[in-house]
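Protein chains: 2
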Amino acid sequence: MEIKVAVFEDNKMLRESLQQLINNAESMSCTGAFPDANKLLHNMHLANPDVVMMDINMPGISGIEAVQMIKAKFPHVHILMQTVFDDNDKIFAAICAGASGYMLKKTFPQKMIEAIRETYLGGAPMTASVAVKVLQMFRLQIAEKTEFIDLSEREKEILALLVKGKSYKAVAAECFISIDTVSTHVRHIYEKLHVHSKSEAVAKAINQKLV
Amino acid sequence: MEIKVAVFEDNKMLRESLQQLINNAESMSCTGAFPDANKLLHNMHLANPDVVMMDINMPGISGIEAVQMIKAKFPHVHILMQTVFDDNDKIFAAICAGASGYMLKKTFPQKMIEAIRETYLGGAPMTASVAVKVLQMFRLQIAEKTEFIDLSEREKEILALLVKGKSYKAVAAECFISIDTVSTHVRHIYEKLHVHSKSEAVAKAINQKLV
DNA sequence: CGGTCAATCACCTAAACTGGTGATTTTTAA
DNA sequence: TTAAAAATCACCAGTTTAGGTGATTGACCG
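Protein chains in written order, with the working numbering: chain P, 1097 to 1307; chain F, 1097 to 1307.
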């Protein structure tokens, strides 16, 4: 069965060469090539593609917004983003929007065709540099959670009570210490966690599993 | 310059065929092949590799632990994990430990050599199915953060800011509303969450994944 | 033995928060 | 269209917190 591919790309040259490339490829055809994402849903109905190649930078509706719209209406369609630069924020946004693959435009034609096939089969083809960035971001998300924080026993105890929503007064009562001592401990906790309020401390405590 | 590769793989057949494969490849040589991660650091010094191929499942020290140890002592070495199954948890753990690439063992030899080269150049080669899982996990992490419940849009927005440690004043500034309005919204939030302080609200918001 | 650190307490001020009453406008749902 | 819900603002009183200074005690380490 033929893989139907739609192309969204504002550069005329690139758009047409992609169209050529796809039509010349085995069991693959380009059922639509558009310079922007205007009349997006209408064009999607026209082309009825299995795979969409989407430029991430387009005038008007951005590639990322387009991905969101397509994914909302055609959730089964796989989308292959094309980027000129491997910009962290853009990649991140595209992932969240639901794109499957991320190829740099300078990728060799043959590789691009392979990527389309892989996308069609549910894969997630990525240019090496993009893959690295994705993993970096991924690792970063986790790394933040493992930041080493060395609270004393007493401080942990008090932090745990704060997480339970207790006030200084309640903590003082529970720990049999004065409210001023609680205040001092809390100040030390804030310093170690690099925060400046109870809610921040509570948020950090939970997120980093300090309690 | 030759790429020096070390192999950690408990299956004798596979280990030796990898060794062959690597030694037959252009500008690449296998400087060590070991059945387990015992004497890991010693063997690493012997082989002095640029790239390590590490089986994720090994008797004794697991592949993931080995990755951690290698990354701690030889941070410049790139590690290519080999997995039989594309198990979510394992992939996750390996990423956090610092592995660069994740290939299924059934990958074709030629692809495997390419993957080693890509790893050496700082890339992150992944079998399609692994790449998909990585993106899935990545997306999941984000998706959870945008899920809300019972609260009105505005309330969710404000709660999210409280979780970030903002004061009423800061929230007012960010939302372009007065501090009294913030106070009213907060009161409503407290009622809906059945709490009586900012920290309780924050704790609940995080634990129930309201933000 | 001297130094560091955790834990304790006190006093203080400005800022932030809690919770109450009351009111207007816009949006949404019955 | 009408009523409920959401969003907005205001005033107020009492409580809590944040952060600064300063000080004492006991434990542990070299």
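Every residue gets a Cβ at the ideal spot worked out from N, C-alpha and C, and that includes glycine.
Consult DSSP for P:G1218 and reduce its assignment to one of helix, strand or coil. P:G1218 falls in the coil class under three-state DSSP.
What is the rounded straight-line gap between the Cα of P:I1285 and the Cα of P:I1157? Their backbone Cα atoms lie some 47 Å apart in a straight line.
In this structure, how does DSSP classify F:L1142 when only helix, strand and coil are distinguished? Correct three-state label for F:L1142: helix.
Examine chain P for any beta-carbon lying closer than 7 Å to the beta-carbon of F:K1252, and answer yes or no. No, F:K1252 does not count as interfacial toward chain P.
Nearest by alpha-carbon distance to P:Q1178: which of P:V1147, P:T1277 and P:H1172 is it? Closest option to P:Q1178, Cα to Cα, is P:V1147.
My output table needs one value for P:K1100: the three-state DSSP class, helix, strand or coil. Three-state DSSP puts P:K1100 in a strand.
For F:K1305 and F:L1255, the rounded distance between their alpha carbons: In this structure, the straight-line span from the alpha carbon of F:L1255 to that of F:K1305 is close to 12 Å.
Verify the CB distance criterion: does P:G1159 have a CB-CB separation below 7 Å to chain F? It does not; no Cβ of chain F falls within 7 Å.
Determine the extent of the beta strand (DSSP E) in which F:G1128 is found, giving its start and end residues. That run of the beta strand (DSSP E) goes M1124 to F1130.
Against chain P, does F:K1294 count as a neighbour if the rule is that its beta carbon must be under 7 Å from one of theirs? By the rule that beta-carbons nearer than 7 Å mark a contact, F:K1294 touches chain P.
For the structure I just gave you, are there three or more beta carbon pairs, one from the segment 1200-1220 of chain F and one from the segment 1105-1122 of chain F, closer than 8 Å? Taking 8 Å as the limit for Cβ pairs, the verdict is that the segment 1105-1122 of chain F does touch the segment 1200-1220 of chain F.
Just to confirm, are P:H1174 and P:T1203 a CB contact at a threshold of 7 Å? Going by C-beta atoms, P:H1174 is not nearer than 7 Å to P:T1203.
Give me the DSSP bridge partner(s) of F:Y1198. Among the bridge pairs identified by DSSP, F:Y1198 is matched with F:M1177 and F:M1222.
Use the C-beta contact count for P:H1292: other C-beta atoms within 10 angstroms, 16 or more gives buried, fewer gives exposed. With fewer than 16 other beta carbons inside 10 angstroms of its own, P:H1292 counts as exposed.
Would a check of beta-carbon distances place P:L1258 closer than 7 Å to chain F? At a cut-off of 7 Å between beta-carbon atoms, P:L1258 makes contact with chain F.
For F:S1279, I'd like the list of residues in its chain whose CB is within less than 7 Å of its CB, leaving aside the five on either flank, ordered along the chain. If the five residues before and after F:S1279 are omitted, its C-beta is found closer than 7 Å to the C-beta atoms of Y1264, all from its own chain and listed in chain order.
Relative to the alpha-carbon of F:A1129, which residue among F:G1159, F:K1135 and F:A1102 has its alpha-carbon at the smallest distance? F:A1129 has its Cα closest to that of F:A1102, out of F:G1159, F:K1135 and F:A1102.
Look at the Cβ atom of F:A1220, then the Cβ atom of P:A1227, and state whether they are nearer than 7 Å. F:A1220 places its beta carbon less than 7 Å from that of P:A1227.
Can you tell me whether F:S1196 is buried or exposed, with buried defined as 16 or more other CB within 10 angstroms of its CB? With 16 or more Cβ atoms within 10 Å of its Cβ, F:S1196 is classed as buried.
Step through the CB atoms of chain F and report whether any lies within less than 7 Å of the CB of P:I1302. Closer than 7 Å: yes.
Can you grab the Cα-Cα spacing for the pair F:A1269 / P:D1246, in whole Å? For the pair F:A1269 and P:D1246, the Cα-to-Cα distance works out to about 34 Å.
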